[in-house]
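For the sequence shown, position 190 matches number 555 in the numbering used here, and the numbering has no gaps at all. Virtual Cβ for every residue (Gly too), placed ideally from N, Cα, C. Source: prediction; values computed, not measured.
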Amino acid sequence: MGETELASSGTSHQALGDEIVGRINHLSAISETPAHLARVFLSPEHRIAADLILAWMREAGMAVHLDAIGNVCGRYEGDRPGLPCLMLGSHYDTVRDAGKWDGPLGLLTAISCVADLNRRGRRLPFAIEVIGFADEEGVRFSSTLLGSRAVAGTFVESALNVRDHDGVSMREAMVKFGLDPEHIGAAARTRRELLAYVELHIEQGPVLEQNNIPVGVVTAIAGATRLAAKLTGMAGHAGTVPMSLRRDALAGAAECIGTIEDFCRTDEAGLVGTVGYIDAKPGATNVIPGVVSFTLDIRAPTDPHRKMAVADIVRRIESIAKRRGLALQLDVTHENRTVPCALWLKAQVAEAVAAEGFSVF
Numbered sequence: 366m367g368e369t370e371l372a373s374s375g376t377s378h379q380a381l382g383d384e385i386v387g388r389i390n391h392l393s394a395i396s397e398t399p400a401h402l403a404r405v406f407l408s409p410e411h412r413i414a415a416d417l418i419l420a421w422m423r424e425a426g427m428a429v430h431l432d433a434i435g436n437v438c439g440r441y442e443g444d445r446p447g448l449p450c451l452m453l454g455s456h457y458d459t460v461r462d463a464g465k466w467d468g469p470l471g472l473l474t475a476i477s478c479v480a481d482l483n484r485r486g487r488r489l490p491f492a493i494e495v496i497g498f499a500d501e502e503g504v505r506f507s508s509t510l511l512g513s514r515a516v517a518g519t520f521v522e523s524a525l526n527v528r529d530h531d532g533v534s535m536r537e538a539m540v541k542f543g544l545d546p547e548h549i550g551a552a553a554r555t556r557r558e559l560l561a562y563v564e565l566h567i568e569q570g571p572v573l574e575q576n577n578i579p580v581g582v583v584t585a586i587a588g589a590t591r592l593a594a595k596l597t598g599m600a601g602h603a604g605t606v607p608m609s610l611r612r613d614a615l616a617g618a619a620e621c622i623g624t625i626e627d628f629c630r631t632d633e634a635g636l637v638g639t640v641g642y643i644d645a646k647p648g649a650t651n652v653i654p655g656v657v658s659f660t661l662d663i664r665a666p667t668d669p670h671r672k673m674a675v676a677d678i679v680r681r682i683e684s685i686a687k688r689r690g691l692a693l694q695l696d697v698t699h700e701n702r703t704v705p706c707a708l709w710l711k712a713q714v715a716e717a718v719a720a721e722g723f724s725v726f
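Here's what the structure looks like:
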């Protein structure tokens, strides 16, 4: 959409930008606590946010509904009813202490773009559907991408029985939210209904920023493997157990974490590894930790490289545990394959970026 076309409709890039930023700020105020942004799946705050987003979609000229998993959905018909759609959007749940741009940028930008089309009375040769996925982060029920899984038809119904930290099952939380857990299958879309899916997202790394480039074109979604590790040694008094007789689970975990970091740092093919959570028990200043749990997230641009890296890292962790006399439990909790983005779609996005005068990265 060029500047002249926008100006003729009484709109400008600045006006659209101001609308998007204003709504992002509005949405970020909907949080379980004012101290930090937290809007988890199926919470009261999540419902308030859903209703607000549906209202914005309605104002933009879309037919709206809340689907069976809690995704907020809006449809703007093409030049004739019932055409396949270009799907745009992102998620509206958050991690705890989240950034306000993560998710809402893509969702609210899409709504504003549709609103501009509607103001100008313009219809395209395809429909546009804007979707706000109810759960991407997996904070509450430790299972990510629930919203998009329902749309893709890959939702696993056993997840409905998973309970959160307060003992509430997903099934119970859905009913309280106003949803029917028995009809999640109704959220699934068929391939013939969709032309493509495009998502605008804030950069979650420093690459564009360090290169002073405002926008980039994503080439692939990196595959990810997540593991939960548990090392069991022997707790003991910090003052009476000699160093040579210790089976310190935390010291073993520290060696594992250092080994993971070193392994990923020396990889030259885009491998990244993160230990994002650690818990040591009994957790007293003067007690040698007897049990330590930690998580591991491994990602790479290709599946074969990621799988080989995971196998190598697991062998190294096993070796450390054996040498230190620690029992090891290691479970894969999540695995997603690498998904390359469509070449034809990347080319069109790159052309649009270049048309605005920006370098394509």
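Classify T660 as helix, strand or coil using the three-state DSSP reduction.
strand
In angstroms, rounded to a whole number, what distance separates the CA positions of K465 and G601?
44 Å
Does the distance from the C-beta atom of G439 to that of M422 stay below 7 Å?
yes
For R689, which residues from the same chain have a beta carbon less than 6 Å from its beta carbon, with the 5 sequence-adjacent residues on both sides left out?
G617
Simplified DSSP assignment, three categories, for S455:
strand
To the nearest angstrom, report how far apart V637 and T459 are at their CA atoms.
23 Å
With a cut-off of 8 Å on the beta carbons, I'd call T660 and V640 a contact; round off their distance for me.
6 Å
For A495, report the span of its beta strand (DSSP E) as first-last.
Strictly speaking, residue 495 in this sequence is Val, with Ala absent from that position. 492 to 498 is the span of the beta strand (DSSP E), which, as asked, contains V495.
Tell me which residues share the same chain as V718 and place their Cβ nearer than 7 Å to its Cβ, disregarding the 5 neighbours each side in the sequence.
V580, V582, V725
Residue nearest to Y441 in terms of C-alpha spacing, selected from G426, S455, G435:
G426
Whole angstroms is fine: what's the gap from V437's alpha carbon to T605's?
59 Å
Which partner residues does T398 have in the DSSP bridge list?
H401
From P654, E700, G722, pick the residue whose C-alpha is nearest to that of L691; which is it?
P654
From the DSSP output, in three-state form, read off L470 for me.
helix
What span of residues does the beta strand (DSSP E) with N701 cover, start to end?
692 to 701
Report the partner residues of I643 according to the DSSP bridge assignment.
F659
Inter-residue spacing [alpha-carbon to alpha-carbon] between E370 and C478
Since pLDDT at E370 reaches only 49, below the 50 mark, its modelled position is unreliable, and the value read off the structure follows with that caveat. Spanning the two alpha carbons is a distance of roughly 13 Å.
E522, buried or exposed, once every other Cβ within 10 Å from all chains shown has been counted against 16:
exposed
Kindly indicate the opening and closing residues of the beta strand (DSSP E) around G722.
Element bounds for G722: n/a, residue is neither H nor E.
So is I385 buried or exposed if we call it buried at 16+ other beta carbons inside 10 Å?
buried
Host beta strand (DSSP E) of T590 (start-end):
588 to 597
Backbone secondary structure at V652 - three-state DSSP
strand
Three-way DSSP call (helix, strand, coil) for L511 in this model:
helix
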